[in-house]
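Just below is one structure, and these are the notes that go with it.
Written out as structure tokens, the structure reads:
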């Protein structure tokens, strides 16, 4: 009798173990212990979900079973080339900006697409090439840390100000005009001998200077690159990083740089100043009114009084002084889109017959309906 009980127990435990493995199988096929998780389905779904929320500038907690996420589509990897622009040219956290600038050389930071308004955070020395833009800077951009050249120079290696490819252009366009006044000379000396503050202290300095956000301008000079990841924490508390989007940095042909006429970059300003011995600081001795007055024709080759040129001048300003920035979608538009997605999701999961239109019929004496 005991032998048979042993056989039954053995068969039962083997069967239970096999059944347990069958139940566990779908979850054990990936590191997340997520049943049926695959790169081309589940991961792409998560990427779509998070990228949609990022495009709408949304944050918070969401259920994956929410009706508005029930998108009917072919799940192949699809990342918009506009995603890097939506992330990198929107306002960024100060600590992120400080860390990024310190990892890059002066040469690369100069090529960051910032349209500067001032040299110093005290807003004493202006950089705008037109009075119209200088006024716009005071009205719209005084709180934007991305329009102050000092913010960049404080966060690059001070030795590179003497050795980098842009050392001489910076000397001609910025440092020499600044050094012409006692206050400006003190600022120049501070830049050449600065040491990095801890990131938290640097961020505190920005806030103390009245700066509340960082944003650069939109350009199609190059395709920005980005890699986005999310962290999945499973039921066991283990965290795994998952990439939800990746776009490679790509240099575009100059012939495709259409936004160059709005502004062609700070590095081109520096080269132009070096070539013509101009100062870029407004009202400095070598930033003559004549030089600024001919900046558009000299740098951008815009001549004549064609109608389209006059329209741009009257509504936007001269070429090279136009600000192009990413504008976050208004909350009302975001709410409308979210409501539409929710309604469409709800309609997808109701019985199919409710989505069918009635068959047109012809009644006696009635028009066809």
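Numbering (this note's numbering), first residue to last: 1 to 369. Beta carbons are placed, not taken as given, at the ideal position from N, Cα and C, and that holds for glycine.
Close beta carbons around residue i, own chain, < 6 angstroms, minus the five adjacent residues each side
i: residue 316; result: 322
i: residue 222; result: 251 and 252
i: residue 132; result: 317
i: residue 326; result: 89, 90 and 218
i: residue 240; result: 31, 32 and 232
i: residue 153; result: 191
i: residue 201; result: none
i: residue 29; result: none
i: residue 356; result: Note that residue 356 has pLDDT 47, beneath the 50 cutoff, so the model's placement of it is unreliable and no number is given.
i: residue 303; result: 297
i: residue 141; result: 117 and 147
i: residue 276; result: none
i: residue 3; result: none
Those residues which DSSP pairs with residue i across a bridge
i: residue 86; result: None, per the DSSP bridge assignment.
i: residue 377; result: With the chain covering only 1 through 369, there is no way to say anything about residue 377.
i: residue 222; result: 251
i: residue 148; result: 118
i: residue 243; result: 229
i: residue 126; result: 118
Whole-Å CB distance - residue i paired with residue j, under 8 angstroms assumed
i: residue 242; j: residue 232; result: 6 angstroms
i: residue 263; j: residue 320; result: 6 angstroms
i: residue 97; j: residue 214; result: 5 angstroms
i: residue 51; j: residue 244; result: 6 angstroms
i: residue 211; j: residue 134; result: 18 angstroms between Cβ atoms; not a contact.
i: residue 379; j: residue 169; result: Residue 379 lies beyond the range of the chain shown here (1 to 369); nothing can be said about it.
i: residue 127; j: residue 149; result: 7 angstroms
i: residue 95; j: residue 203; result: 6 angstroms
For residue j and residue i, the rounded distance between their alpha carbons
i: residue 225; j: residue 100; result: 14 angstroms
i: residue 12; j: residue 25; result: 20 angstroms
i: residue 113; j: residue 216; result: 6 angstroms
i: residue 56; j: residue 93; result: 18 angstroms
i: residue 58; j: residue 171; result: 44 angstroms
i: residue 338; j: residue 42; result: 22 angstroms
i: residue 180; j: residue 306; result: 40 angstroms
i: residue 260; j: residue 235; result: 51 angstroms
i: residue 49; j: residue 268; result: 40 angstroms
i: residue 111; j: residue 62; result: 38 angstroms
i: residue 207; j: residue 125; result: 20 angstroms
i: residue 294; j: residue 309; result: 15 angstroms
i: residue 209; j: residue 281; result: 20 angstroms
i: residue 5; j: residue 14; result: 14 angstroms
i: residue 139; j: residue 118; result: 13 angstroms
i: residue 83; j: residue 19; result: 45 angstroms
i: residue 451; j: residue 314; result: The chain is shown from 1 up to 369; residue 451 falls before or after that span and cannot be answered.
i: residue 38; j: residue 27; result: 11 angstroms
i: residue 331; j: residue 151; result: 31 angstroms
i: residue 36; j: residue 44; result: 13 angstroms
i: residue 254; j: residue 312; result: 22 angstroms
i: residue 143; j: residue 123; result: 11 angstroms
i: residue 103; j: residue 343; result: 46 angstroms
i: residue 205; j: residue 160; result: 23 angstroms
i: residue 60; j: residue 17; result: 41 angstroms
Given residue i as reference, the closest of the options once Cα atoms are compared
i: residue 64; options: 54, 46, 52 and 80; result: 46
i: residue 238; options: 346, 138 and 31; result: 31
i: residue 227; options: 111, 86, 58 and 59; result: 86
i: residue 270; options: 115, 302, 229 and 283; result: 115
i: residue 328; options: 34, 54, 284 and 17; result: 54
i: residue 258; options: 314, 311 and 324; result: 324
i: residue 105; options: 21, 15 and 167; result: 167
i: residue 265; options: 283, 14, 299 and 249; result: 299
i: residue 284; options: 129, 311 and 16; result: 129
i: residue 272; options: 103, 173 and 18; result: 173
i: residue 345; options: 66, 34, 36 and 19; result: 66
i: residue 147; options: 155, 156 and 137; result: 137
i: residue 248; options: 80, 186, 182 and 123; result: 80
Same chain only: Cβ atoms within 8 angstroms of residue i, ignoring 5 sequence neighbours per side
i: residue 195; result: 158
i: residue 9; result: none
i: residue 256; result: 220
i: residue 432; result: Shown here, the chain extends from 1 to 369; a query on residue 432 therefore has no answer.
i: residue 193; result: 158
Spatial neighbours of residue i in its chain, beta-carbon cut-off 7 angstroms, leaving aside the 5 residues before and after
i: residue 188; result: 175, 178 and 179
i: residue 107; result: 164, 165 and 166
i: residue 109; result: 101, 152 and 156
i: residue 184; result: 125 and 178
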